[in-house]
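Note that the protein sequences, when read in sequence, are chains A, B and C.
Each residue of the first sequence is one higher than the last, beginning at 1 in this note's numbering.
Each residue of the second sequence is one higher than the last, beginning at 342 in this note's numbering.
Each residue of the third sequence is one higher than the last, beginning at 552 in this note's numbering.
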Amino acid sequence: MTERYVELHAHSAFSFLEGASVPEDLAGACAEFGMPAMALVDRNGVYGAPRFHMAAKKAGIRAHIGSEITCTNGRTYPLLVETREGYQNLCRLVTRMKLRAKKGEGAATLDELAEFARGLICLTRHPEARLLDIFGKHNVYAELQRHHHRQQEARNQAIVESGMPLVATNGVAYATAERRELLDVFTCVRQKVTLETAGRQLERNSERYVKTPAQMARLFADLPEAIAHTLEISSRLQFTLADLGYQFPRYPVPEGETQISFLRKRVDEGARRRYQPYHERARHQIERELALIEKLKLPGYFLIVWTLCASARRTPSWRRDAARPPIAPCATRSKSPPSTP
Amino acid sequence: MSVAALKKQFESMLGASRPSPELAPSGISGIELPRGCLTEIIGPASSGRTSLLVSILAAATAREEVCALVDAEDSFDPVSAAAAGVRLPRLLWVRCSHNAEHALKAADLLIQGGGFGLVAMDLGDTPPHAARRISLTSWFRLRRGVEHTPTVLVTVARQSNARTCASLVLECARERVTWSGARGTSQLLRGIGVRARSKTCSPVFTATAI
Amino acid sequence: MFACLHGNGNLTALGFEFSPVVEQTAPDTVTLDASGLDRLWGFPQDVAAAMARRASQIRVKANIALAANPDAAICAARGFAGVSIVPQGDEAKFLGPLPLAWLAPSPELQETLERWGIRRFRDLAALPPLGIAERLGPEGLRLRELARGEAERKLVPLEAPLEFEDQIELEYPVELLEPLAFLLARLLNGLAARLATRALATDELRLRLKLENRTIHERTLRLPVPSLDTKAFLKLWQLDLAAHPPESPIVHVWMGMNPVKPRAAQGGLFVPLAPEPVKLELTLARIQAIVGETRVGSPELIDTHRPEEFQLVKVGQAKWGRRSPFVVCQLALRAFRPPRAARVALASNQPSFVAAENIRGKVLELAGPWRTSGDWWTTNPWARDEWDIALSDGALYRIYCEPRGWFVEGSYD
Numbered sequence: 001m002t003e004r005y006v007e008l009h010a011h012s013a014f015s016f017l018e019g020a021s022v023p024e025d026l027a028g029a030c031a032e033f034g035m036p037a038m039a040l041v042d043r044n045g046v047y048g049a050p051r052f053h054m055a056a057k058k059a060g061i062r063a064h065i066g067s068e069i070t071c072t073n074g075r076t077y078p079l080l081v082e083t084r085e086g087y088q089n090l091c092r093l094v095t096r097m098k099l100r101a102k103k104g105e106g107a108a109t110l111d112e113l114a115e116f117a118r119g120l121i122c123l124t125r126h127p128e129a130r131l132l133d134i135f136g137k138h139n140v141y142a143e144l145q146r147h148h149h150r151q152q153e154a155r156n157q158a159i160v161e162s163g164m165p166l167v168a169t170n171g172v173a174y175a176t177a178e179r180r181e182l183l184d185v186f187t188c189v190r191q192k193v194t195l196e197t198a199g200r201q202l203e204r205n206s207e208r209y210v211k212t213p214a215q216m217a218r219l220f221a222d223l224p225e226a227i228a229h230t231l232e233i234s235s236r237l238q239f240t241l242a243d244l245g246y247q248f249p250r251y252p253v254p255e256g257e258t259q260i261s262f263l264r265k266r267v268d269e270g271a272r273r274r275y276q277p278y279h280e281r282a283r284h285q286i287e288r289e290l291a292l293i294e295k296l297k298l299p300g301y302f303l304i305v306w307t308l309c310a311s312a313r314r315t316p317s318w319r320r321d322a323a324r325p326p327i328a329p330c331a332t333r334s335k336s337p338p339s340t341p
Numbered sequence: 342m343s344v345a346a347l348k349k350q351f352e353s354m355l356g357a358s359r360p361s362p363e364l365a366p367s368g369i370s371g372i373e374l375p376r377g378c379l380t381e382i383i384g385p386a387s388s389g390r391t392s393l394l395v396s397i398l399a400a401a402t403a404r405e406e407v408c409a410l411v412d413a414e415d416s417f418d419p420v421s422a423a424a425a426g427v428r429l430p431r432l433l434w435v436r437c438s439h440n441a442e443h444a445l446k447a448a449d450l451l452i453q454g455g456g457f458g459l460v461a462m463d464l465g466d467t468p469p470h471a472a473r474r475i476s477l478t479s480w481f482r483l484r485r486g487v488e489h490t491p492t493v494l495v496t497v498a499r500q501s502n503a504r505t506c507a508s509l510v511l512e513c514a515r516e517r518v519t520w521s522g523a524r525g526t527s528q529l530l531r532g533i534g535v536r537a538r539s540k541t542c543s544p545v546f547t548a549t550a551i
Numbered sequence: 552m553f554a555c556l557h558g559n560g561n562l563t564a565l566g567f568e569f570s571p572v573v574e575q576t577a578p579d580t581v582t583l584d585a586s587g588l589d590r591l592w593g594f595p596q597d598v599a600a601a602m603a604r605r606a607s608q609i610r611v612k613a614n615i616a617l618a619a620n621p622d623a624a625i626c627a628a629r630g631f632a633g634v635s636i637v638p639q640g641d642e643a644k645f646l647g648p649l650p651l652a653w654l655a656p657s658p659e660l661q662e663t664l665e666r667w668g669i670r671r672f673r674d675l676a677a678l679p680p681l682g683i684a685e686r687l688g689p690e691g692l693r694l695r696e697l698a699r700g701e702a703e704r705k706l707v708p709l710e711a712p713l714e715f716e717d718q719i720e721l722e723y724p725v726e727l728l729e730p731l732a733f734l735l736a737r738l739l740n741g742l743a744a745r746l747a748t749r750a751l752a753t754d755e756l757r758l759r760l761k762l763e764n765r766t767i768h769e770r771t772l773r774l775p776v777p778s779l780d781t782k783a784f785l786k787l788w789q790l791d792l793a794a795h796p797p798e799s800p801i802v803h804v805w806m807g808m809n810p811v812k813p814r815a816a817q818g819g820l821f822v823p824l825a826p827e828p829v830k831l832e833l834t835l836a837r838i839q840a841i842v843g844e845t846r847v848g849s850p851e852l853i854d855t856h857r858p859e860e861f862q863l864v865k866v867g868q869a870k871w872g873r874r875s876p877f878v879v880c881q882l883a884l885r886a887f888r889p890p891r892a893a894r895v896a897l898a899s900n901q902p903s904f905v906a907a908e909n910i911r912g913k914v915l916e917l918a919g920p921w922r923t924s925g926d927w928w929t930t931n932p933w934a935r936d937e938w939d940i941a942l943s944d945g946a947l948y949r950i951y952c953e954p955r956g957w958f959v960e961g962s963y964d
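What follows is the structure, encoded as structure tokens:
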């Protein structure tokens, strides 16, 4: 029987100085070992998600998105995105905790986790009832990792006793075992020490690489449900970055108008002011650009910029300080074809 | 007249009976070591003797006493001792190279120097014939050296060597080994259960691995 | 009261042994403020006798004179051999016979005095002061004062030597440590006395032995606390030199002591039980002589995942980083040093039978593998898999497998 397994806890180099492989290498290893999917949970952000998504698409595997969130209680929780709402919540959570902290720092409170919990699945190595309240009974799994370490195994046995549903991961920090050395160097850079003086901050062994399903099945031979749950969770994680459905903020337009119709009217006004006479070539160019703007769904963006420019012209200090006024396509369209942002 | 009654008569005639020595806690409830006396901890391999010794060292160094360990076979493990709570800066470790004679000489010097809260001689891995070469006179001398001082003198060995010199003999025996987890995949050695038997009592304790 | 030493040898050293205020009046003359010494030795003659005794001990040949003022002492020491005590009030009479030339008058004055036939102290002393002042001026007056032994002045003290050192040139090369011990004792007592007069002690002693083969044998003794226990110092030097003997006979001995303020006495009722530091130093030196210098000390753990990493340091100096919560009784390991090479039979990648020196049996239970590796950037990396096993011989062991093979690290006890 071919064993099947999905790695749900991988760090790429986008977990700054905590991961030693780029998302492409992780996706490559995943595909090489015949695993259908992998979850990238970089630290406190989704920085690696776009590259991971592209690499996974090329490699023919599914890219699950998530982030390992640092909490004010000193623990970290890998959160996996199940639905688009989950992704929105995750991004809002990360924004909230980063805005109020210094660069590189930031921690979320448990209440904030509760506020942005919908659509997310939480993994934890510290089973608590509070998490079940926050995320819901079916959205919390206790995580087991086996890196051949006595204390870790004692922790695992305590987790099994807690009775929470179990999931096995390998806490991947690099794609191949050789990369552990790079991770040690990163640790020194992060802690501002040398290899000689880093002591026990370095890795204990080289076990945090992408393992094959057969290896993981052997490691967890006594807990096959932990392996089975990785597939179960993977099937629940339906969201991918292709489903972003991003929309620019809506610009408030008057009753009866749409964004593009409003934009066309303003552009027409401005063009007539600028091009006197309003010759054919200009009209043609403007029409081409407006068509492109409509296709890319960007009228809202241009309307916002237009408002900013108008505001800038009214505020004298702004104009003085600004080297150049921002692009004002309607009011001050330059003669050269504008580059569409 | 019974021996006990005779003893009582003697004591009442002579006045006050000899004061009992102060007891030093060992970190294990039910086991205390008399100060100014010799205590022997005996038992076979893996019977819990060393765990008991390390617990005694941890309790003594936690009380800020300076302790000396004369290690006849160089078998002390600082890593597990530190994990057990021994404050290593307060421990003097004499590493003899498989030589019981050297151990005896070193113990002599340490006791003469004085000032230690505890002097321990670890003959745990010394073959019995080598340990028996230490004469009873030597044991007497060691015991007299600590008499009327607060120093606890303790030895660990496979069998009792000091016989009548020892005020307390604790015989350790392993009663069980605890494993947890699934055999073959994720088993962990959790600890051992030990019974330390003396003439008066036999307390039981667990030496935990994790 | 002032004393003057005039002769050859280490006069300043001798002077400093008796007083902190020592003046180097001339290369062969040293004057010191001896006030207070009567409290130690009694009458001036006893003080002088003590100085004479010490001088002969350290091979200083000097005239010693005591007087109520420095110049009288200087003149007496220069003029009379041996020990002179200038009686207070009778200085003029005492110093009378001395030649005036010693007071070094200016050439004209000298000539004048010659012409007048004034050659001795008593001749000048007898002349009336007014007359001297008129004819010979202030210098003459001063000279008369000196001749009468009445001049008062302050000493110009030498900078107190910050170095406490002494040396002995040996008449014949010394090969054995026993005779050397006598010389060391002499140096130790002298230096310690010097330190004591200044209320100092030492925490570091240095020894430099010049050998017959033209090399130098240097040793240093460091003490945990400042002390002046010369008996203990001598014993420590003897043990140290027995452990590190010089290669060739000794021709010259130099010893230096580092002066430090002595530690305030430790008082209080609840002082934790600890051996007296200098006594402990001695005990450790004796034990090191038996088991080896590197085999005694406090273990200090090194911050690494590498197993069995520790070093031995001096007692009390080990850094105590890892503070694990005090658990009730941990399972201890008895290490086999060196680890015992083992032959291990495997069954489905797990140890099933182990044979090593004095160890043999079937594996009944096991836990593992516990994997560690590291130091990959060095020439000495490690990688091992550990197993905790229960063997059919009744004991519990920790064994490990590394590239070189299987080993038994120790037994759990």
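Ideal Cβ placement from N, Cα and C applies to all residues, glycine included.
No experiment lies behind these values; they were computed from the predicted model shown.
Between the CA atoms of residue j and residue i - distance to the nearest angstrom
i, j, result
"C:E763", "C:P796", "14 Å"
"A:R100", "A:Q238", "31 Å"
"A:T194", "C:G925", "14 Å"
"A:Y278", "A:A271", "7 Å"
"C:P813", "C:V776", "8 Å"
"A:G245", "A:G104", "29 Å"
"B:S527", "C:S962", "21 Å"
"C:V905", "B:A514", "24 Å"
"A:A175", "C:E908", "42 Å"
"A:G136", "A:T258", "41 Å"
"A:Q285", "A:A291", "10 Å"
"A:E24", "A:H9", "16 Å"
"A:L303", "A:V46", "29 Å"
Proximity to residue i [Cα-Cα], best of the options
i, options, result
"C:M552", "C:V572, C:A892, C:L835, C:R837", "C:V572"
"B:R404", "B:S343, B:V427, B:G384, B:D418", "B:V427"
"A:G19", "A:D268, A:A27, A:R43, A:Y5", "A:R43"
"A:E143", "A:E7, A:D25, A:L90", "A:E7"
"C:T582", "C:G682, C:R704, C:R749", "C:R704"
"A:I134", "A:H126, A:R146, A:R118, A:Q145", "A:R118"
Own chain residues within Cβ distance below 8 Å of residue i, not counting five before or after
i, result
"C:T766", "E798, S799"
"A:G60", "A31"
"C:E974", "The first residue shown for chain C is 552 and the last is 964, placing residue 974 of chain C beyond what the model contains."
Supposed contact pair residue j and residue i - C-beta distance, whole angstroms, cut 8 Å
i, j, result
"C:L654", "C:A698", "7 Å"
"C:Q558", "C:A616", "One detail in the question is off: residue 558 of chain C reads as Gly in this sequence, not Gln. About 11 Å separates the two Cβ atoms, so there is no contact after all."
"A:L17", "A:F186", "4 Å"
"B:L477", "B:R504", "7 Å"
"B:T402", "B:R376", "16 Å between Cβ atoms; not a contact."
"B:V460", "B:A425", "That belief does not hold up - the Cβ atoms of B:V460 and B:A425 are roughly 19 Å apart, past 8 Å."
Cβ-based neighbour list, residue i, same chain, cut-off 6 Å, excluding 5 preceding and 5 following
i, result
"C:E755", "R773, N809"
"B:C378", "P362, S508"
Contacts around residue i, its chain only, beta-carbon distance under 7 Å, and the 5 residues preceding and following it disregarded
i, result
"A:P419", "Residue numbering for chain A in the displayed model covers 1 to 341; residue 419 of chain A lies beyond these limits and cannot be assessed."
- Message: What ranges does the alpha helix (DSSP H) occupy inside the stretch 432-514 of chain B, keeping only unbroken runs of at least 4 residues that lie completely in it?
- Response: 441-454, 469-473, 477-487
- Message: Ignoring anything shorter than 3 residues, give me the beta strand (DSSP E) runs that lie fully in the stretch 695-750 of chain C, in order along the chain.
- Response: Fully enclosed beta strand (DSSP E) runs of 3 or longer: 715-725.
- Task: For the stretch 762-793 of chain C, list the beta strand (DSSP E) runs that are entirely contained and at least 3 residues long, ordered along the chain.
- Result: 767-778
- Any beta strand (DSSP E) of 3 or more consecutive residues that is wholly inside the stretch 125-169 of chain A: 140-144, 166-168
- Task: Could you tell me which uninterrupted alpha helix (DSSP H) segments, each at least 4 residues in length, are contained entirely in the stretch 364-430 of chain B, listed from first to last along the chain?
- Result: 390-403, 419-424
- Message: Going residue by residue through the stretch 17-54 of chain A, where are the continuous alpha helix (DSSP H) segments of at least 4 residues, counting only ones entirely within it?
- Response: 23-32
- Which runs of the beta strand (DSSP E), 3 residues or longer, sit entirely within the stretch 586-643 of chain C? 612-618, 634-636
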